[in-house]
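Note sheet for the following structure.
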Amino acid sequence: MPFEQFAEDTQAYGYATGVGLSKSCEEEVVSQLKELQRRSAEYAKQDGRVAEDEFFYAQQNARLVKNAEEYYRSMFRGRVSSWNLRDRHMSETLDQLVAHLDRQGRQTKVVVWEHNSHLGDARATDMAQAGEVNVGQLVRERYGDEVVLIGFTTYTGTVTAATNWDEPAQLKQILPALPGSYEDIFHQTGLPQFLLNFRDKNPVISVLREPRLERAIGVIYRPQTERASHYFYAWLPEQFDAVIHIDDTRGVEPLDRMAEHETREVPETFPSGF
129 MPFEQFAEDT QAYGYATGVG LSKSCEEEVV SQLKELQRRS AEYAKQDGRV
179 AEDEFFYAQQ NARLVKNAEE YYRSMFRGRV SSWNLRDRHM SETLDQLVAH
229 LDRQGRQTKV VVWEHNSHLG DARATDMAQA GEVNVGQLVR ERYGDEVVLI
279 GFTTYTGTVT AATNWDEPAQ LKQILPALPG SYEDIFHQTG LPQFLLNFRD
329 KNPVISVLRE PRLERAIGVI YRPQTERASH YFYAWLPEQF DAVIHIDDTR
379 GVEPLDRMAE HETREVPETF PSGF
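This is the structure:
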């Protein structure tokens, strides 16, 4: 496959195929996936659940390669295209797993742990205006009220994140939430932590239905450009079914003990920066 000459440098593959310097692997990976699907009947005739599981793993690996190949090429076409491909792949993987377990006679329940920007319904955020979808939206559209979307918010504390992609993780100080944001409102309650269930008939929830700023921290955290890098407008009660707020968060410790750690005090000039 053309993949081999790029080793683990996926961005180089995406660039080379995007500008025509190298042949795309698309036809080969799609062909491999179709061949596995064609042979599904053969695996179904074999005895035992092991054969069925092994076929499922092989099929998922082939589907992953197909979607990844398209994703790395899309990185040079724009953020929306690559974002949607990635989240559709995650949702598709979830659907395939549920279908596989259901065929084995189980009453399938799945817990998915992801960042808020993937799990909160994109239709209730700025993402929808940009044409982006996410896992939360896709699973709601498919499974309806069987899905419960739970978000996490914080006012301040620490987080383990990188400054840029492919850089080591650091323990970073989280700036206090911007005034008027959902996180700031939750901080004003004075409660160190609480669960807010948006499916309850609670009059407080109606106050939260107007669009407000919400913070998103994921693999990357850049305090110096936090407003532009990490805040967006959202309608929280429509975005999630429930939110767990922890006012002062403690960053997780990475398993890789060689990872860099960096702690920063909140600047006295926050939020102006002067």
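Reminder that position 1 of the sequence shown reads as 129 in my numbering, one-by-one numbering, no gaps. Glycine included, C-beta positions come from ideal geometry on N, C-alpha and C.
Can you tell me whether Phe322 is buried or exposed, with buried defined as 16 or more other CB within 10 angstroms of its CB? exposed
Bridge partner(s) assigned by DSSP for Val287: Lys300
I need the boundaries of the alpha helix (DSSP H) containing Leu364, first residue and last residue. 364-367
With burial defined as no fewer than 16 other Cβ atoms inside 10 Å of the residue's Cβ, what is the status of Asp181: buried or exposed? exposed
With 16 other CB atoms within 10 Å as the buried threshold, where does Lys227 fall? A small correction: the amino acid at residue 227 is Ala; Lys does not occupy that position in the sequence shown. Exposed.
Gln265 versus Asn325: straight-line alpha-carbon distance, rounded: Gln265 and Asn325: Cα-Cα distance of roughly 18 Å.
Any contact between the stretch 283-300 and the stretch 370-379? By contact I mean 3 or more CB pairs, one from each, below 8 Å. yes
Quick check: the Cα distance between Leu213 and Ala256, rounded to an integer number of angstroms? 15 Å
Can you give me the Cβ contacts of Arg251 inside the same chain, cut-off strictly under 8 Å, excluding the 5 residues immediately before and after it? Gln265, Glu366
Within its chain, find whatever has a CB closer than 6 Å to the CB of Met218; leave out the 5 residues flanking it on each side and keep chain order. Excluding sequence neighbours, Met218 sits near Val263.
Determine, using beta-carbon pairs with one atom in the stretch 237-248 and one in the stretch 266-283, whether at least three such pairs fall under 8 Å. Yes: the two stretches touch, three or more of their Cβ pairs being nearer than 8 Å.
Can you check whether the CB of Phe360 is closer than 8 Å to the CB of Thr253? Cβ atoms of Thr253 and Phe360: closer than 8 Å.
Determine the DSSP secondary structure at Phe326, reduced to helix, strand or coil. coil
Taking 8 Å as the cut-off, decide whether the C-beta atoms of Arg270 and Asp223 are in contact. Going by C-beta atoms, Arg270 is nearer than 8 Å to Asp223.
If contacts are defined as beta-carbon pairs under 8 Å, then Arg343 and Ala305 qualify, I think. What distance do you get, rounded to the angstrom? Correct: roughly 6 Å between the Cβ atoms.
According to DSSP, simplified to helix, strand and coil, what is His217? helix
Name the residue from Glu295, Ser209, Ile348, Ala370 whose alpha carbon lies nearest to the alpha carbon of Gln301. Ile348
Alpha carbon of Leu299 to alpha carbon of Ile345, nearest angstrom: 13 Å
Give me the DSSP bridge partner(s) of Arg343. Tyr359
Quick check: the Cα distance between Ile313 and Ser209, rounded to an integer number of angstroms? 34 Å
Throw me the rounded Cβ distance for the Trp211 and Glu274 pair, which I believe falls under 8 Å. 25 Å between Cβ atoms; not a contact.
Need the endpoints of the alpha helix (DSSP H) that Gly264 sits in, please. Residues 263-271.
Comparing C-alpha positions only, which one of Gly308, Tyr199, His358, Leu319 sits nearest to Val335? Measuring from the Cα of Val335, the nearest candidate turns out to be Gly308.
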